[in-house]
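Worksheet for the structure shown next.
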Amino acid sequence: EAGVAQSPRYKIIEKRQSVAFWCNPISGHATLYWYQQILGQGPKLLIQFQNNGVVDDSQLPKDRFSAERLKGVDSTLKIQPAKLEDSAVYLCASSSAVASHTGELFFGEGSRLTVL
Amino acid sequence: AQSVTQPDIHITVSEGASLELRCNYSYGATPYLFWYVQSPGQGLQLLLKYFSGDTLVQGIKGFEAEFKRSQSSFNLRKPSVHWSDAAEYFCAVGNQNTDKLIFGTGTRLQVFP
Chain A
217 EAGVAQSPRY
227 KIIEKRQSVA
237 FWCNPISGHA
247 TLYWYQQILG
257 QGPKLLIQFQ
267 NNGVVDDSQL
277 PKDRFSAERL
287 KGVDSTLKIQ
297 PAKLEDSAVY
307 LCASSSAVAS
317 HTGELFFGEG
327 SRLTVL
Chain B
541 AQSVTQPDIH
551 ITVSEGASLE
561 LRCNYSYGAT
571 PYLFWYVQSP
581 GQGLQLLLKY
591 FSGDTLVQGI
601 KGFEAEFKRS
611 QSSFNLRKPS
621 VHWSDAAEYF
631 CAVGNQNTDK
641 LIFGTGTRLQ
651 VFP
């Protein structure tokens with residue numbers, strides 16, 4: 217079974233530039249999550265999708281971050297314009313359960329963003 | 541509000557020694573508790589989880605954790621550490637009313653031969 221795929225693995229940009237990350241979850245997984253992991257901290261949930269609908273985006277900085285999952289499969293997370301404090305690893309995860317607490321989250325390897 | 545505390549930022553043990561990683565949570569009702577491991581350059585992998593029932597939970601790779609409600613703790617243990625266990629370990633908490641997992645700040649484990 218293929219795992220969660222993310223790209224790019226690494227990205228370096230200057231502040232005020234834009235960047236996009238892509239995630240392809242495990243086939244059949246209805247729930248998709250984007251987490252932000254800043255160095256020295258635990259992952260923080262940015263947004264959760266159930267199929268192509270948003271379940272929770274309360275911690276997504278909507279003035280600069282956007283995410284979509286148009287066909288209920290793969291997803292894109294965009295940052296525009298980027299700030300220095302956006303430097304982090306962006307983790308995508310998926311699960312087959314309706315609620316994350318009832319099942320296991322499968323994580324991708326992450327996309328490491330450095331903003332200069 | 542839920543929160544998770546991992547008091548130890550960095551732990552070093554010798555290969556073959558026993559291991560205990562601490563996790564304390566804050567939540568008014570019965571929490572759902574998880575331990576994840578993250579190897580360098582890798583995503584997070586679930587080691588074990590607790591929802592209800594037996595408070596001693598067995599996981600993969602020889603790990604176990606014990607839920608202690610009186611101490612609001614869910615410490616991770618392994619009787620004999622292997623060099624391949626060197627990684628970052630995250631405790632996380634959820635509950636039946638939300639789909640959100642709250643992660644701790646992690647404990648980095650270093651294993652000496």
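Sequences listed follow chains A and B, in order.
Residue numbers for the first sequence follow the numbering used here, so the first one is 217 and each next one is one higher.
Residue numbers for the second sequence follow the numbering used here, so the first one is 541 and each next one is one higher.
For glycine and all other residues, C-beta sits at the position ideal for the given N, C-alpha and C.
Given the structure is predicted, the values throughout are model-derived calculations rather than measurements.
With a threshold of 8 Å between beta-carbons, can Glu272/A be considered close to chain B, or not? Position 56 of the first sequence, counting from 1, holds the residue named residue 272/A. The amino acid at residue 272/A is misidentified as Glu; the sequence shows Asp. With 8 Å as the cut-off, Asp272/A counts as an interface residue toward chain B.
With DSSP as the reference, label Asp625/B as helix, strand or coil. Here residue 625/B refers to the residue found at position 85 of the second sequence. Looking at Asp625/B - three-state DSSP - the assignment turns out to be helix.
Secondary structure of Arg648/B, DSSP reduced to three states: The residue labelled residue 648/B in the question sits at position 108 within the second sequence. Strand.
Limits of the beta strand (DSSP E) - the one that Val235/A falls within: In the first sequence, counting from the first residue as 1, residue 235/A sits at position 19. It spans Val235 to Asn240 - the beta strand (DSSP E) in which Val235/A sits, taken as one unbroken run.
Please classify Tyr226/A as buried or exposed, where buried requires at least 16 other C-beta atoms within 10 Å of its C-beta. Taking the first sequence and counting its residues from 1, one reaches residue 226/A at position 10. By the neighbour-count rule (16 or more Cβ atoms within 10 Å), Tyr226/A is not buried but exposed.
Gly269/A by DSSP, collapsed to three states: which one? In the first sequence, the residue the question calls residue 269/A occupies position 53. Looking at Gly269/A - three-state DSSP - the assignment turns out to be strand.
Specify, as a first and last residue, the run of the beta strand (DSSP E) that Phe281/A falls within. Translated into the one-based positions of the first sequence, residue 281/A becomes position 65. Per DSSP, Phe281/A belongs to the beta strand (DSSP E) from Phe281 to Glu284.
If we cut at 8 Å on Cβ distances, does Phe281/A have a partner in chain B? Here the question's residue 281/A lines up with position 65 in the first sequence. By this cut-off, Phe281/A is not an interface position.
Buried or exposed (CB count within 10 angstroms, at least 16 for buried), Thr500/B: Chain B is shown from 541 up to 653; residue 500/B falls before or after that span and cannot be answered.
Where do the ends of the beta strand (DSSP E) carrying Gln578/B lie? By one-based count along the second sequence, residue 578/B stands at place 38. Run containing Gln578/B: Tyr572 to Gln578, per the beta strand (DSSP E) assignment.
Any idea what DSSP makes of Ser610/B, helix, strand or coil? Taking the second sequence and counting its residues from 1, one reaches residue 610/B at position 70. DSSP places Ser610/B in helix when its eight states are reduced to three.
Chain A residues whose Cβ lies nearer than 8 Å to that of Leu561/B: Residue 561/B sits at position 21 when you count from the first residue of the second sequence. Under the 8 Å cutoff, chain A gives no residues; its nearest Cβ is about 13 Å from Leu561/B.
Give me, in chain order, the residues of the same chain whose beta-carbon lies closer than 7 Å to that of Val271/A; leave out the 5 immediate sequence neighbours on both sides. In the first sequence, counting from the first residue as 1, residue 271/A sits at position 55. The answer, listed in chain order, is Gln264 and Phe265.
Applying the criterion that 16 or more other CB atoms from any shown protein chain within 10 Å of the CB defines a buried residue, is Trp575/B buried or exposed? Translated into the one-based positions of the second sequence, residue 575/B becomes position 35. Trp575/B comes out buried.
Which whole-angstrom value is the C-beta distance of Glu325/A and Gln222/A, which I expect to be below 8 Å? Looking up residue 325/A in the first sequence gives position 109. Looking up residue 222/A in the first sequence gives position 6. Indeed, because the Cβ distance is near 6 Å, the residues count as touching under 8 Å.
Run down chain B in chain order and give the residues with a C-beta less than 7 Å from the C-beta of Glu325/A. If you number the first sequence from 1, residue 325/A lands on position 109. What Glu325/A touches in chain B: Gly581, Gln582 and Gly583.
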